[in-house]
Structures are given as structure tokens and as C-alpha cells.
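Numbered continuously in the working numbering, the sequence shown closes out at residue 717. Here a beta-carbon is modelled for each residue, glycine too, at the ideal position from N, C-alpha and C. Note that the structure is predicted; figures quoted are calculated from it, not measured. Working notes, beginning with the structure itself.
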Amino acid sequence: MLSSPRYAVLGCHDLPAAASFLGVLGYTERHRGTLAADAAGALYGLAGPAEEALFLPEGADDGGLLLVAAPEGSTALSLGGYAVDVYTSDIEASAAELVAAGATASAISRWELGDRPFAECRVTGPGGVAVVIIEGSSRRASLLDGDPARRHSELQAAVHLTAGCDAAFWPRLGLVQLYSQRVVDPVVARLIGLDDPDAEIILDLFWDGHGARVELISFPGLDLPAGDSAFTSGMRSGVFTVPDVAAARALLEDAGARVGALTDSGLRGGPAFTAESPDGVHLEFWTRAEG
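In C-alpha cells form, the structure reads like this:
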């Protein structure tokens with residue numbers, strides 16, 4: 427079985443500017459290098475080598491973001507990677523600071539899931555880095571809990587827009603479905619970027635109790651276009667670290683995923699590969715040293 431994602435991969439068309447943006451979130455560069463052409467082709471379908479940089483929250487070894495140089499992608503709403511979720515202790519201050527760092531931001535949306543209030547804002551930083559910042563009284567444990575001076579958390583979720591949810595697939599990997607929630611709320615529709623304020627929205631959340639969650643958002647009454655088939659700027663995938671790459675590949679294939687070619691990357695701990703779930707979610711797998 428797999429554990430929840432430890433990082434997320436995002437395509438980025440302006441790495442230097444994105445680095446400054448992530449600095450406002452409290453993420454610092456921990457590694458920078460060039461992904462070899464053969465690995466860039468196997469993982470992302472790129473025609474040549476790609477610069478990449480790993481950013482982690484200060485004081486943490488996971489919960490970070492890997493930015494990989496990519497062509498600029500479309501900003502139109504479409505199926506595929508949507509954003510990463512990060513908690514904030516002060517959403518108004520966060521939005522203002524991120525805009526000052528070059529981001530564009532949606533209006534702050536306030537809504538409730540059950541009886542739990544949330545305030546959310548989607549910001550798109552330089553290079554196409556999309557982050558949803560969230561403030562809420564009900565949230566899982568994070569780095570915010572141990573440091574009152576810290577404003578932003580580690581990675582909380584890799585968010586994807588999908589045509590539906592294959593609810594049987596994710597538990598076969600070891601992730602529990604925390605909820606499948608139907609929402610019809612103009613505030614949420616506006617936050618996502620939908621034209622129809624009364625659109626039916628389904629939120630599916632999967633997690634194993636550790637790391638980040640996998641969030642799928644689907645729209646039964648809408649027909650969103652497919653996203654870029656090529657690797658471009660924007661949220662791409664959650665990263666699962668596994669001690670046995672061969673076993674992970676076998677598990678994914680048995681569960682119905684489409685598994686990509688195996689390659690090698692020092693940053694990724696050795697053997698690495700990508701996969702696509704039956705509901706169209708991109709996944710990436712790195713080697714984790716046992717112990």
C-alpha cells in the first residue's frame with residue numbers, strides 16, 4: 427500500500443520569479459539542478475533537459491513543491507491539475523503579500539462544508555504556480571500548530587479537476603476516502619472559476635493520515651475541456667515516495683492505472699516514474715530510502 431503524497435510537482439515557465447513568490451509562503455529552495463533529457467522525456471514528455479528546483483517549508487523535509495521548467499500553459503479552466511492547497515493563519519494578510527510578490531488573486535470566498543467555516547483564495551503566482559490558500563477553524567494538524575509566528579503551512583492537498591471520481595481506485599492504493607460531498611454554492615463556483623453559479627460540484631478527498639491529501643473536484647452537469655496534453659506550467663501531480671518501485675508499479679497496474687516508463691533521478695532518490703489514474707489524475711513516484 428502507498429502513503430499519501432509528500433510533495434507536489436508543478437510546471438513553471440519562470441523559475442526565478444516563482445522562487446520569490448514561494449519565499450512569501452515561507453518555502454525555501456533546498457535543491458536546484460537539471461533533469462537529464464532522458465528523465466525529462468520519461469516523466470514529462472519533454473524534448474530536452476529541464477531545470478528544476480525543490481522548495482520546502484522552513485524546518486520541514488517534506489510537504490514541499492518541486493518546480494520543473496515548462497512552457498507556459500493555458501489559464502482557461504479545464505480538466506487536470508488545478509492547484510495546491512496551503513493553510514494560512516491570516517488569509518487577508520496572505521493574499522495581500524502574495525499579490526505584492528507578483529501574484530494575481532481571486533476574491534476571498536467564505537463558505538461552509540457541513541458546519542465548518544472556511545475562507546479561501548486562489549492565487550496564481552509568477553510562472554503559473556497556482557495555490558489555494560485556506561483559513562479555517564477545522565483543519566488537520568500542520569506546521570502552523572507548533573509555531574505561532576508561522577503564517578503558512580506545508581502542502582496540504584494536490585487538487586485536480588476531473589470528469590468523475592473512480593472511488594474504488596484510491597482505496598486500492600491505501601488511501602481512505604474522507605468524504606464525497608455534493609456542493610451547490612455560488613461562492614464555491616466563483617472560487618473555482620465556473621461560469622454557472624448553480625453548478626453541481628462534487629468534492630472527493632482521499633488520505634491515509636499522513637502527508638498531503640488528494641482532492642478531486644468534478645462537475646456532473648458540466649463538460650469541461652481537456653487540459654493541455656503536453657507538460658506545461660501549472661499543478662501537475664502529487665508525489666508518492668515508495669521503498670519498492672517495482673511493487674508500486676505492480677500495485678498501480680493491478681488497480682487500473684496507466685503506468686509510465688521507469689527512469690532515474692538523483693533528486694527523486696533513484697528510480698522514478700509517473701502514472702495516470704482511471705479518473706485522469708497524474709501521479710509521480712520517487713524512491714524512498716527505507717529506515
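For the segment 544 to 623, the full-length alpha helix (DSSP H) segments reaching 4 residues or more read 595 to 599 and 612 to 618 along the chain. In the DSSP assignment, P483 forms a beta bridge with Y453. When rounded, the separation of the alpha-carbon atoms in A502 and S515 is 30 angstroms. For M427, DSSP assigns no beta-bridge partner whatsoever. Check the Cα spacing between L648 and each of A476, D621 and Y605: the tightest is with D621.
Taking one beta carbon from each stretch, the segment 457 to 475 and the segment 648 to 664 have 3 or more pairs nearer than 8 angstroms; the two touch. Each residue's CA atom was taken as its position, placing A496 and G551 some 15 angstroms apart. Following the DSSP letters along the chain, one finds I517 inside the alpha helix (DSSP H) bounded by residues I517 to A526.
Cα atoms of A625 and I618: separation of roughly 11 angstroms, rounded to the nearest angstrom.
Here F447 is not bridged, per DSSP, to any residue.
For G686, there is no enclosing alpha helix (DSSP H), as DSSP gives it neither H nor E. The count of Cβ pairs closer than 8 angstroms, one atom from the segment 545 to 561 and one from the segment 504 to 519, reaches three, so the stretches are in contact. With a threshold of 16 other beta carbon atoms within 10 Å, S563 falls short and is exposed. Taking 8 angstroms as the cut-off, the beta carbon of L650 is found closer than this to the beta carbon of L587.
Taking the C-beta atoms as reference points, V613 is found nearer than 8 angstroms to W537. One thing to note: L482 has its Cβ within 8 angstroms of the Cβ of R456. Collapsing the DSSP output to three states places V707 in coil. DSSP links Y433 through a beta bridge to G490 and V665. Secondary structure at G467: helix, using DSSP grouped into helix, strand and coil. Apart from the 5 residues on each side of it in sequence, E498 sits with its Cβ closer than 7 angstroms to the Cβ of H439, G554, T658 and S659 in its chain, given in chain order. For I643, the enclosing beta strand (DSSP E) stretches over residues R639 to S644. Cβ contact annotation for F632 (same chain, cutoff 6 angstroms, sequence separation greater than five): W596, L601, Q603 and V640, in chain order. Cβ neighbours of A486 within its own chain (closer than 8 angstroms, five residues either side excluded): L569 and E580.
The segment 657 to 676 makes contact with the segment 688 to 701: 3 or more CB pairs, one atom from each, lie closer than 8 angstroms. Secondary structure of D680 (DSSP, three-state): helix.
In terms of Cβ geometry, S520 and R577 form a close pair [threshold 8 angstroms]. Ranked by Cα distance from A584, the first of S691, A683 and G489 is G489. By the Cβ-count criterion, S500 is exposed, with fewer than 16 other Cβ atoms from all chains shown falling within 10 Å of its own Cβ. D541 sits exposed, since fewer than 16 C-beta atoms from the chains shown fall within 10 Å of its C-beta. Bridge partners of S532 according to DSSP: none are assigned.
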